[in-house]
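Chains as they are written, first to last, in our numbering: chain A, 10 to 300; chain U, 105 to 497.
Ideal Cβ positions, reconstructed from N, Cα and C, are used throughout, including at glycine.
Just below is one structure, and these are the notes that go with it.
This is the structure we're talking about:
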């Protein structure tokens, strides 16, 4: 009797580990959009981690050794590509488990023009500024990145192909709906010239036909007089009526911009966690703010 | 019998020089072929076990032996370098997993092996002390390296210049030891492992210096224009990567053009391996894909051919030694005529004389056999290290 009980308990344990534990794929990502995509596609078959602190820009984050060791133990490490998260060049990660999600469109990366180069020693001129990296703000590219993630998950767990494909189709539909919505919104816009508080909207501008000039303003800091003067000079050659912020700006900044005839809107890139809201919801809201 | 043994023993201990010479000759003749066989068996075992666990190696066209020896045993002879594009080509083929290896530099006489994190998984290497590689400029030591250099996690190790005349060359990199591997009884015990990118920093392809656009010391700037800043030799490049200057380290150019000495290729299955090998047979490719086992088998076949010659030489020398020993005994019988005559006069039979001489020979042979056995045990004990020092590295 005791033996039967033990055998039954052991069988139950094996079943539970197969269903809930051992089969789960450990996935680490370098930003929140990739985490969201992997969670949507992988659902219960993946455990996705993105260990960057919530108050940090993941593009310029440098994880400590303990966090890197966690990345090393993952089954898959999803990279954004396009030189995003430069810390990858400074750490040891298992190459065979890295997935560059934007590799499929790398010929279409946007690179920094007019970057200052330097030279020293016997080397030729070189620059440390490279590629624009907020690739997911072009939602057709975001869908391609999601496709690469789906393929990587299928390769790692072929048994769940049907589930991954179904989940990917739903995610792709959501992304492409936003893509079409943005296209129609921009088509309806009478003025396509915009300012951006940071140079992160290059792919958005290219995909949807916006003409964006960027400054380097922090939403939670009041710009200096020098920065206001620079904007004033920019206004003469680029008379935009809207500034896109990556986060809610200070009221004082909104008021002073309004006085210059520039309205403020927020278009969150969501590189890090979006205050508890999911990626698609924030992007839908972003799309609606464009007028 | 005891009396015979006693008299024979007294004789051999009295004639020390003659006995020692005879024992040495017999021991050498016995131990030489046995030790040689042990060495060869151990060499074959070491060479083959490593080669068998490495399915394919991709490298530049040229000596396949140099490529195999450098990739598998981190031999000093560095094959012609290839670029990381080769590893990327393998990834794109979707037929195999590539593991780049860059075994070119040294630190205090031990090879620095730049590779990807996957190498440790493929070779089954485990960390005994400390942790695995995490940041640029860190190194993990093989067990023997740590033991011989007396290093442990937290210590540092400086890379050696490629030549003593490399005065104006690359700065040596001070690497931080973060871990020591468990003993694997392979070439990995004798290597200093770094991330591939750290190896490129050692080569000077990646480096760290203050941002020239915001240089605090204007005297480091030779010329400045709107688009370019030129620094002079005063610009200090960091020789150690620390958490505070890690951000200033950077690489220039296309990473796919960076060099590696070889790529270990792990095919997904036998068919994939065969297809890949076929692709690199053509003349128009600058790469070669070798099967290390075939290369090492060829090397061993040559070694065993040489061994046959050595066996013949040892046989002839052995025969000459036996003849010489026979001559020594014959001559000693002549020298001992008076002694033998005295023994006869004492009433001993001819048989007693034969037993006495036989026992003397037996004592010499047994002593030689004991010595020979002891030497074989010693050689066997050290054969692993001796093979590594004498034959492999």
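Exposed unless 16 or more other CB atoms sit within 10 angstroms - verdict on residue i
| i | result |
| --- | --- |
| residue 19 of chain A | Confidence in residue 19 of chain A is poor, its pLDDT being 45 and thus under 50, which makes the residue's placement too unreliable to answer from. |
| residue 289 of chain U | exposed |
| residue 420 of chain U | exposed |
| residue 360 of chain U | exposed |
| residue 105 of chain U | exposed |
| residue 175 of chain U | buried |
| residue 365 of chain U | buried |
| residue 176 of chain A | buried |
| residue 39 of chain A | buried |
| residue 81 of chain A | buried |
| residue 147 of chain A | buried |
| residue 89 of chain A | buried |
Collapsed DSSP secondary structure at residue i in the structure displayed
| i | result |
| --- | --- |
| residue 272 of chain A | strand |
| residue 222 of chain A | strand |
| residue 244 of chain A | helix |
| residue 399 of chain U | helix |
| residue 219 of chain U | strand |
| residue 30 of chain A | Because the pLDDT of residue 30 of chain A is 48, which lies under 50, any placement of that residue in the model is unreliable, and the question is left without a value. |
| residue 188 of chain U | coil |
| residue 412 of chain U | helix |
| residue 254 of chain A | strand |
| residue 353 of chain U | strand |
| residue 243 of chain U | strand |
| residue 137 of chain A | Any reading at residue 137 of chain A needs caution, since the residue's pLDDT is 46, under 50, leaving its predicted position unreliable; the model's value is listed next. Reduced to three states, the DSSP call for residue 137 of chain A is coil. |
| residue 278 of chain U | strand |
| residue 232 of chain U | strand |
| residue 164 of chain U | strand |
| residue 391 of chain U | strand |
| residue 260 of chain U | strand |
| residue 288 of chain A | helix |
| residue 51 of chain A | helix |
| residue 116 of chain U | helix |
| residue 148 of chain U | helix |
| residue 358 of chain U | coil |
| residue 230 of chain A | coil |
| residue 92 of chain A | coil |
| residue 206 of chain U | strand |
| residue 466 of chain U | helix |
| residue 3 of chain A | This structure leaves residue 3 of chain A out entirely; chain A is present only between 10 and 300. |
| residue 344 of chain U | strand |
| residue 454 of chain U | helix |
| residue 202 of chain A | strand |
Contact check, residue i vs residue j, beta carbons under 9 Å
| i | j | result |
| --- | --- | --- |
| residue 181 of chain A | residue 163 of chain A | no |
| residue 121 of chain A | residue 140 of chain A | yes |
| residue 307 of chain U | residue 212 of chain U | no |
| residue 231 of chain A | residue 252 of chain A | no |
| residue 161 of chain A | residue 87 of chain A | yes |
| residue 37 of chain A | residue 85 of chain A | yes |
| residue 142 of chain U | residue 403 of chain U | no |
| residue 263 of chain U | residue 276 of chain U | yes |
| residue 433 of chain U | residue 461 of chain U | yes |
| residue 231 of chain U | residue 280 of chain U | no |
| residue 466 of chain U | residue 112 of chain U | yes |
| residue 223 of chain A | residue 204 of chain A | yes |
| residue 201 of chain A | residue 188 of chain A | no |
| residue 286 of chain U | residue 229 of chain U | yes |
| residue 201 of chain U | residue 105 of chain A | yes |
| residue 132 of chain U | residue 425 of chain U | yes |
Assumed close pair residue i, residue j - CB separation to whole angstroms, cut-off 8 Å
| i | j | result |
| --- | --- | --- |
| residue 411 of chain U | residue 240 of chain U | About 47 Å; that fails the 8 Å criterion. |
| residue 284 of chain U | residue 245 of chain U | 5 Å |
| residue 90 of chain U | residue 482 of chain U | There is simply no residue 90 of chain U to check, as chain U begins at 105 and stops at 497 in what is shown. |
| residue 206 of chain A | residue 254 of chain A | 5 Å |
| residue 123 of chain U | residue 130 of chain U | Going by Cβ atoms, the distance from residue 123 of chain U to residue 130 of chain U rounds to 11 Å, so no, they are not a contact pair. |
**Request:** For the stretch 88-113 of chain A, enumerate the residues whose C-beta is nearer than 9 Å to any C-beta of chain U, in chain order.
**Result:** 95, 96, 98, 99, 100, 101, 102, 103, 104, 105 and 106
**Asked** Which residues, taken in chain order from the stretch 225-246 of chain U, show a beta carbon closer than 8 Å to some beta carbon of chain A?
**Response** 225, 235, 236, 237, 238, 239, 240 and 242
**Request:** Could you name the residues of the stretch 211-225 of chain U whose beta carbon sits closer than 8 Å to any beta carbon of chain A, in the order they occur along the chain?
**Result:** 220, 221, 222 and 225
**Request:** Please list the residues of the stretch 61-79 of chain A that have a C-beta atom closer than 8 Å to any C-beta atom in chain U, keeping them in chain order.
**Result:** Listed by position, the residues of the stretch 61-79 of chain A near chain U (Cβ gap below 8 Å) are 71, 74, 77 and 78.
**Prompt:** Listed in chain order, which residues of the stretch 150-161 of chain A have Cβ atoms closer than 8 Å to some Cβ of chain U?
**Reply:** none
**Residues, ordered as in the chain, of the stretch 249-260 of chain U that lie near chain A by beta-carbon distance below 9 Å** = none
**Message:** Counting only Cβ-Cβ distances shorter than 9 Å, please list the residues of the stretch 349-367 of chain U near chain A, keeping chain order.
**Reply:** 350, 351, 353, 354, 355, 356, 357 and 359
**Request:** Could you name the residues of the stretch 182-210 of chain U whose beta carbon sits closer than 9 Å to any beta carbon of chain A, in the order they occur along the chain?
**Result:** 191, 195, 201, 202, 203 and 204
**Request:** Output, in sequence order along the chain, the residues in the stretch 405-429 of chain U whose CB is closer than 9 Å to any CB in chain A.
**Result:** none
**Item:** chain A contacts from the stretch 288-304 of chain U (Cβ-Cβ distance under 7 Å)
**Value:** 299 and 301
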